[in-house]
């Protein structure tokens, strides 16, 4: 709550209570003068107002104190509804530690409870009548209610059950007495009265808000002493009274070494009941003093202890001490005790400290406890993880108690380190651990002088019990043992305790190993390990930390493995491997770098331990393993765990030049030997499955594009999905593999893709089936008698299988096939790169060694692997390229010689050139080109259009040379034909947006050459024919345009056949006996190839070719060649 709001609330509360009491609403008020409204119960006042009763201020104050001890309660009928300051659901489980003893609990219940008046005085009440102008005892320490989870030092037990609060208050009195007897004034009558505001609270506020405001000079010792009061949580009134009595006592016995009994007796005799506000507080104070005396007297085995105990009981008994006994009787009791104390004080102990000062040697257990309470005063009570700013000055004052409590420098250093360590445990403040470590190192440095002080320090014995064995240790050894035990309890399971607080780990390892017990020492002795001197012993302890912590971490995993693995659907061994790897990673990156400072092999020890642990769990599973989902998951997890353990720690050990795994230290899991046949069997099963699925997918294909963006066929996407799924599944097994597995995988892929390509190619037809059969050779002759019956060209029906294939080889479907093949080319590259990367990753993750020390079979020759990839994928690429070439040749031929046969081949220039020009065909051809360009992939478009262009020019030449009896051209037709040819070329150039003009010009070169022959006269062509016959090297017959040329006899004869020239007709009739064109009429069919009545070499074999005597001998050779058999272009 904000402080200003709290002050306002208190102010309003005081105003309301003052109004109620002073307004006369309450009939009577007892002790109404100087009422502290902050210290009375508002509920009590309201009840008096409602009932009309008398308001007793003392009862109102008592009720207020009682109410402050419990949480706020709602006034319900049951009266058991109250508010909590914390959330009970998040408070956790109840504490596991044992409850405190009954006597200690009673003492704590009787401890005083602080209460502050508005006038600055401080009170402690326990429900009894409250007097006026009295002071109260000190408030309870928060530490007394919290049991620190640290081992006991083994000091002799306290007989009287003194609590920490009792020891703290007694320690404060001892400190004040030592300061007073050292000559420092602790009280002065001239000391100004404190402000009415609470000095206690003021001290706390100053500490929290302005820590640097106070002066710490020696002259300001009163302020230092007041700080001590605040730190020791002593009320100001009690402190004032004690200071006054002790100052008076020190003035009577100056320069004398004081002891505890003398201080206690002096306080008992000087402080009376009327100085206490509550009688029970006075009784509790006397009981504490009597208990301290009993502890001291009993420790020296005083022979008349029974009689002394009776005297002490009188002090404890409030009725006897306060009522029955007179002041003289009380003085007599104290005198008897003083005499006993004096006699015992005059006796020397077995050793001397600080020049032979007297002290209570046998009562060292109470002295050490008191000194420990004093050392706890260095911590800020508002921030217990911080040292007070004046801690150096405070420790100087505490040092004044050494002679009284029998403390040496070594004892102080050890106890101060122990107190710092306890406070670290409670607050987890790192700086306290650093300070404790410094104190431990100071004690271990052995820089103390020997002699009687060393003997005395070693004589203070503590008894500790390990299981059933009791061991006697010196105080320093007991402190180190306690620190070591607590550190061991954390470091033996550092994966649990330092998972989120790794910053503490290194410092606790340092202090734990520094004070650790040497396990080689026997006979119930403890030898402190010197951090710098005994490296071997330290390394052994660090190794034990590693092994025990890993065992604890593994046990924790085992406790939840079955439940968690069932929830996550994993095999328990697979889940165990993943959890062990998490532990290994934390060990590698967090803990091993720290532990390697003391044990260089810590990483290897951890790795070997985890490897052996999982190996024991895995071994029964490997004895009878077969292919299954669980088997794959377990084998994969085991393989990767083993690889990680070996590689991670070996790499770090290699950097540190320390030992690593050897084949004699570890029994490898041999996962590669176990999994090799399992993986091969799986690959074999996938081979048949993949072939079946790819075959089924292909036969369901209709060769339609997937979409406007994805123009390939659906089947090829499915095929690659199946292939990639198989590849991902294989490498997803995460098992070690060798070249045989890669070879099997690539074989499966090859057969799947090659089978798909073979099926695709098998659907194609030879383009020769698309060409129409050339018509018979005729000579031009105009029809003289139209009514005469003419010969009709016969047709040959295509083979049924070829015809069925052609139905599925439309230009659109051929383009989809091309897109599909182009998609395969891209996917092949992606697939190959993916497999290579996965293989490389598998090789890296499988880099382990077998027990014999030889390189694992996964490290095969990289050249052999590269050759395997080349042989597989290059073969597929070659098959794809060959199929693309076939479809390129087929698509243009299909469009021109099949789809446009009627409108192009059988119509252009038929009858007359002027009546059947090319411009009538161009819209259809342009429509086909647009359709193809929209469908084909951009990377394939130019080659497909080039194929159609080549076929169109080829068809144009076919019309010129094989157009049939109805095609004849005169000189005047050539100009129009040139224009048509140029229009055809411009269509494919498309104003620079189509094919390159150079390419079109090159493809049309032959067409221009053939067309130029028709511009010659018949005699020139006949002469060229005679010259060509001299170099005749092939037969005479119809054929494919690709082999035609201007000096080819076949081409020249056909030019003469299509000339509208009488000389040409006469030449053909005389020498070849060709029939006139008027005897035939064309009847082309789109589904058949026409059969010539008599053409080519068949006619020439039956014709009587007569050349003149002047005829060239080469013509005779030509005749023999014609007569030798039918010649066809191939």
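Numbering (the numbering used here), first residue to last: 1 to 1130. Note that CB positions come from ideal geometry on N, CA and C, so glycine has one too.
Smallest Cα separation from residue i: which of the options?
{"i": "residue 724", "options": "702, 743, 748, 1029", "result": "748"}
{"i": "residue 768", "options": "992, 1011, 892", "result": "892"}
{"i": "residue 678", "options": "668, 631, 338, 708", "result": "631"}
{"i": "residue 759", "options": "777, 782, 700", "result": "700"}
{"i": "residue 721", "options": "781, 824, 620", "result": "824"}
{"i": "residue 1045", "options": "707, 1025, 774", "result": "1025"}
{"i": "residue 578", "options": "590, 588, 307, 565", "result": "565"}
{"i": "residue 445", "options": "986, 409, 431", "result": "409"}
{"i": "residue 989", "options": "316, 945, 482, 1067", "result": "945"}
{"i": "residue 493", "options": "899, 568, 9, 556", "result": "556"}
{"i": "residue 496", "options": "576, 422, 567, 591", "result": "591"}
{"i": "residue 68", "options": "57, 51, 50, 40", "result": "40"}
{"i": "residue 993", "options": "975, 539, 942, 816", "result": "942"}
{"i": "residue 779", "options": "382, 454, 363, 1068", "result": "1068"}
{"i": "residue 613", "options": "634, 1059, 576, 1051", "result": "576"}
{"i": "residue 936", "options": "574, 972, 884", "result": "884"}
{"i": "residue 1030", "options": "667, 551, 1049", "result": "1049"}
{"i": "residue 765", "options": "731, 751, 366, 800", "result": "800"}
Give me the Cα-Cα distance between residue i and residue j, rounded to the nearest whole angstrom.
{"i": "residue 715", "j": "residue 830", "result": "18 Å"}
{"i": "residue 754", "j": "residue 877", "result": "10 Å"}
{"i": "residue 14", "j": "residue 42", "result": "10 Å"}
{"i": "residue 593", "j": "residue 499", "result": "15 Å"}
{"i": "residue 486", "j": "residue 583", "result": "23 Å"}
{"i": "residue 16", "j": "residue 62", "result": "20 Å"}
{"i": "residue 515", "j": "residue 289", "result": "37 Å"}
{"i": "residue 292", "j": "residue 155", "result": "16 Å"}
{"i": "residue 692", "j": "residue 727", "result": "17 Å"}
{"i": "residue 805", "j": "residue 959", "result": "27 Å"}
{"i": "residue 601", "j": "residue 871", "result": "48 Å"}
{"i": "residue 395", "j": "residue 274", "result": "34 Å"}
{"i": "residue 886", "j": "residue 734", "result": "42 Å"}
{"i": "residue 29", "j": "residue 45", "result": "10 Å"}
{"i": "residue 12", "j": "residue 461", "result": "60 Å"}
{"i": "residue 867", "j": "residue 706", "result": "35 Å"}
{"i": "residue 491", "j": "residue 434", "result": "17 Å"}
{"i": "residue 241", "j": "residue 282", "result": "13 Å"}
{"i": "residue 306", "j": "residue 327", "result": "23 Å"}
{"i": "residue 20", "j": "residue 50", "result": "12 Å"}
{"i": "residue 924", "j": "residue 898", "result": "13 Å"}
Cutting at 6 Å between CB atoms, please list the residues of its own chain near residue i, excluding the five before and the five after it.
{"i": "residue 369", "result": "167"}
{"i": "residue 48", "result": "26, 55"}
{"i": "residue 135", "result": "Bear in mind that a pLDDT of 39 at residue 135, under 50, signals an unreliable position, so the number given afterwards is only what the model happens to contain. If we look at residue 135 and ignore the five residues flanking it on each side, its Cβ neighbours are 237, 238."}
{"i": "residue 418", "result": "479"}
{"i": "residue 171", "result": "370, 373, 374"}
{"i": "residue 961", "result": "1054"}
{"i": "residue 595", "result": "542, 602"}
What does a CB cutoff of less than 7 Å around residue i pick up in its chain, not counting 5 residues either side in sequence?
{"i": "residue 311", "result": "333, 336, 337"}
{"i": "residue 341", "result": "261, 262, 265"}
Give every residue of the same chain whose Cβ lies closer than 8 Å to the Cβ of residue i, excluding the five residues on either side of it in the sequence, and list them in chain order.
{"i": "residue 246", "result": "173, 176, 177, 180, 186, 187, 263, 266, 267"}
{"i": "residue 828", "result": "753, 873, 876, 877, 880"}
- Message: Three Cβ pairs or more, each shorter than 8 Å: is that satisfied between the region 534-545 and the region 466-478?
- Response: no
- Query: Would you say the region 949-963 touches the region 981-1001, given that touching needs at least three Cβ pairs under 8 Å?
  - Reply: yes
- Query: Are three or more beta carbon pairs between the region 258-273 and the region 290-306 nearer than 8 Å?
  - Reply: yes
- Query: Touching or not, the region 438-457 and the region 410-417, by the rule of three or more beta carbon pairs under 8 Å?
  - Reply: Result yes; three or more Cβ-Cβ pairs closer than 8 Å.
- Would you call the region 175-185 and the region 222-242 touching, i.e. three or more CB-CB distances under 8 Å? yes
- Item | Stretch-stretch touch, CB-based, cutoff 8 Å, three pairs: the region 448-464 with the region 392-404 | no
- Query: Using 8 Å as the Cβ pair cut-off and three pairs as the minimum, do the region 921-935 and the region 807-814 touch?
  - Reply: yes
- Task: Note down, one range per segment and in chain order, each alpha helix (DSSP H) of at least 4 residues found wholly within the region 964-1019.
- Result: 971-989, 997-1003, 1005-1013
- Message: Ignoring anything shorter than 4 residues, give me the alpha helix (DSSP H) runs that lie fully in the region 798-835, in order along the chain.
- Response: 800-807
- Task: Only counting runs of 4 or more residues, tell me where the alpha helix (DSSP H) segments fall wholly within the region 277-334, in order along the chain.
- Result: 279-299, 305-316
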